[in-house]
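Structure, as structure tokens:
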Amino acid sequence: MADLAPMIRIAFVGKGGAGKSTVAGTFARLLARRGEPVLALDSDPMPGMPYSLGVAVDDHPIPEDVVVAGGEGRPRWVLRPGLDAAAMVDRYAAQCPDGVRYLQFGNLWGPVVRLQQAQFAWSQVVAELDTQQWHLVGDLPGGTRQAMFGWAKYADTVCLVVEPTVKSLHTAARLASLPRAQWGPRSLIVVVNKARDAADADRVAARLGVEPSAVAPHDPAVLRGDRRGAPPLDTAPDGPFAQAVSVLVDRVVSLYSQPKETAQPEESAQSGEAAQREEAAR
Amino acid sequence: MLGFAETGDAVVVADLEAGIGTLTRLEPAAVDVTVVVVEPTLRSIDVGRRAVSVAESQRQGRVVLVANKVDDEQDRARITEAFGARPLVVVPADPAVDAADRFGVSPVDHEPSAPAVAAVEVLADMLADMLGADPPVR
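Top line first, the protein sequences correspond to chains Z and S.
With our numbering applied, the first sequence corresponds to residues 1 to 282, in that order.
With our numbering applied, the second sequence corresponds to residues 1 to 138, in that order.
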């Protein structure tokens, strides 16, 4: 694992409630336990990752004074001169259990202007990060919008988290087109979450045309922990959910140990940084 | 659209995107009632508190809480403690709803007599009474 190269860059997407944040935070911690440097990236203005990471406070805002107006031909806001991605991570990424660092915009409370400034700062940090320094584990808001607008383009692997419900499968089927986007990831993997039986995994595989990399069974201990905001690795460290995410970590590590094929981009979703900025400005 | 559409006597039921993004972008006083649905999890309660705050500051009508997927009295208490004395409807955790979700059918069609369906009927009655007795004036 120590000579893993290149570093993992994975983003978790799916319908709201499917368990993206729970899987992503657990994945980040289990990867970090292998002695790897892990930076968790959260682009959800209602973040769930702090709970699965086990961070005491869920709001770690990037302050608005880190940005200045970008001026003509540049993004609306850019990092203040003298601030770079490494400094931003050093100052504003929260310290989490198992050594994971966690960078979010900050929570959305009322007016969105301050959040937009933080979003621009976050996007610039992610774009300018030294990708040889960190494994990146990202969590997007539920649904298709952010993913289709390119918020996961730092990732070369997208992990679709799917519940075996019709609505979750419907969203997943749309998100399965992401690798065909111009900026899209090179690989797409699937995790079935809250599975009740083997038929659930089969149903997901049949609908998406992708064999799941891991199947996390319905785990009452995880749900009970969720009520208290407690991470699965603390409430049920050896439970079936944690075991399934451990399998996922193995699969992803193995994926990165293999030579990758060059992506064959096609247009299927709005592309480029302009799209992401447009979304941030909404 | 919610604020300006001519809907006559029709009741408009809008299901907003998860989170509070859409709520923050609504025109002030665009709706008569905002129903905030929360699960008894820390995260859901946190989002619900933000939604209540936005709805009230933007004058989005009365705020009614729905506590969904409630298993027991502890779940209920977790929600009432977080939100105080507000109109509340409790929808119990209900396997019939889970099953309907898996089949992609409405809970009303899947099991009309399910406890969760009955609770949503209570919500409908509460809203009808609330608005019928004191119609909103914009």
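No residue lacks a Cβ here, since even glycine has one placed at the ideal position from N, Cα and C.
For residue i, the nearest candidate out of the options (CA to CA)
i: Asp75/S; options: Arg228/Z, Ser257/Z, Leu255/Z, Gln243/Z; result: Arg228/Z
i: Ala32/Z; options: Gly14/Z, His135/Z, Ala11/Z, Val67/Z; result: His135/Z
i: Val23/Z; options: Tyr256/Z, Val249/Z, Ala206/Z; result: Val249/Z
i: Arg140/Z; options: Val66/Z, Asp130/Z, Gln132/Z, Lys153/Z; result: Correcting the residue identity first, residue 140/Z is Leu in this sequence and not Arg. Ranking Val66/Z, Asp130/Z, Gln132/Z, Lys153/Z by Cα distance to Leu140/Z puts Lys153/Z first.
i: Lys15/Z; options: Arg174/Z, Thr26/Z, Arg74/Z; result: Arg174/Z
i: Arg62/S; options: Ala118/S, Leu16/S, Gly8/S, Leu88/S; result: Leu88/S
i: Gly17/Z; options: Lys69/S, Arg59/S, Val33/S; result: Lys69/S
i: Thr157/Z; options: Lys167/Z, Gly142/Z, Ala242/Z, Gly138/Z; result: Gly138/Z
i: Ile8/Z; options: Glu36/Z, Gly19/Z, Met46/Z; result: Glu36/Z
i: Leu208/Z; options: Leu188/Z, Ala198/Z, Pro50/Z, Arg224/Z; result: Leu188/Z
i: Ser52/Z; options: Tyr102/Z, Leu255/Z, Val126/Z; result: Tyr102/Z
i: Val35/S; options: Val12/S, Leu42/S, Thr41/S; result: Val12/S
i: Asn107/Z; options: Gln116/Z, Ser257/Z, Gly143/Z; result: Gln116/Z
i: Pro75/Z; options: Ala118/Z, Gln95/Z, Val57/Z; result: Ala118/Z
i: Ala99/S; options: Asp98/Z, Val57/Z, Arg196/Z; result: Arg196/Z
i: Ala216/Z; options: Phe105/Z, Asp226/Z, Val191/Z; result: Val191/Z
i: Phe120/Z; options: Ala147/Z, Ala87/Z, Val68/Z, Gly99/Z; result: Val68/Z
Local conformation of residue i per DSSP, three classes
i: Ile79/S; result: helix
i: Thr171/Z; result: helix
i: Val192/Z; result: strand
i: Ser187/Z; result: strand
i: Ile14/Z; result: Rather than Ile, the amino acid found at residue 14/Z in this sequence is Gly. The answer is strand: DSSP assigns Gly14/Z an E or B state.
i: Val100/Z; result: coil
i: Leu83/Z; result: coil
i: Arg29/Z; result: helix
i: Arg300/Z; result: Beyond the ends of chain Z as shown, which are 1 and 282, falls residue 300/Z; an answer cannot be given.
i: Val23/Z; result: helix
i: Val70/S; result: strand
i: Gln243/Z; result: helix
i: Arg34/Z; result: coil
i: Pro6/Z; result: coil
i: Pro107/S; result: helix
i: Ala181/Z; result: coil
i: Val57/Z; result: coil
i: Asp129/S; result: helix
i: Val365/Z; result: Outside the displayed range of chain Z (1 to 282) lies residue 365/Z, so it cannot be described from this structure.
i: Asp139/S; result: Outside the modelled stretch of chain S, which goes from 1 to 138, sits residue 139/S, for which no answer is possible.
i: Val210/Z; result: coil
i: Ala94/Z; result: strand
i: Arg86/S; result: coil
i: Ala236/Z; result: coil
i: Asp301/Z; result: Nothing can be reported for residue 301/Z: it is not among the residues displayed for chain Z, which extend from 1 to 282.
i: Ala176/Z; result: coil
i: Pro63/Z; result: coil
Any C-beta of chain B under 7 Å from that of residue i
i: Leu42/S; result: Within the model displayed, chain B is absent; protein chains Z and S are what it includes.
Minimum Cβ-Cβ distance from residue i to chain Z less than 7 Å
i: Gly104/S; result: yes
i: Val120/S; result: no
i: Gly19/S; result: yes
i: Asp101/S; result: yes
i: Ala128/S; result: no
Below-7 Å beta-carbon distance, residue i vs any chain S residue
i: Tyr51/Z; result: yes
i: Thr262/Z; result: Note that Thr262/Z scores a pLDDT of 44, beneath 50, so its modelled location is shaky and nothing firm can be said.
i: Gly225/Z; result: no
i: Val38/Z; result: no
i: Gly16/Z; result: yes
i: Ala275/Z; result: Note that Ala275/Z scores 49 on pLDDT, short of 50, meaning its location in the model is unreliable; the coordinates nonetheless yield the value given after this. No, because no Cβ of chain S sits closer than 7 Å to the Cβ of Ala275/Z.
i: Val166/Z; result: yes
i: Ala281/Z; result: Model confidence at Ala281/Z stands at a pLDDT of 47, short of 50, so the residue's coordinates are unreliable and nothing is read from them.
Contacts of residue i in chain Z (Cβ-Cβ under 8 Å)
i: Val47/S; result: Met46
Within chain S, partners of residue i - CB distance below 7 Å
i: Arg228/Z; result: Leu42
i: Pro289/Z; result: As shown, chain Z starts at 1 and ends at 282. That puts residue 289/Z outside it, with no answer to give.
Chain S residues whose Cβ lies nearer than 8 Å to that of residue i
i: Asp58/Z; result: Arg43, Asp46
Problem set entry | Uninterrupted alpha helix (DSSP H) stretches inside the segment 6 to 37 of chain S (no shorter than 4 residues) | 21 to 25
Exercise. Along the chain, which unbroken stretches of the beta strand (DSSP E) at least 3 residues long are found entirely within the segment 107 to 163 of chain Z?
Worked result: 135 to 139, 157 to 162
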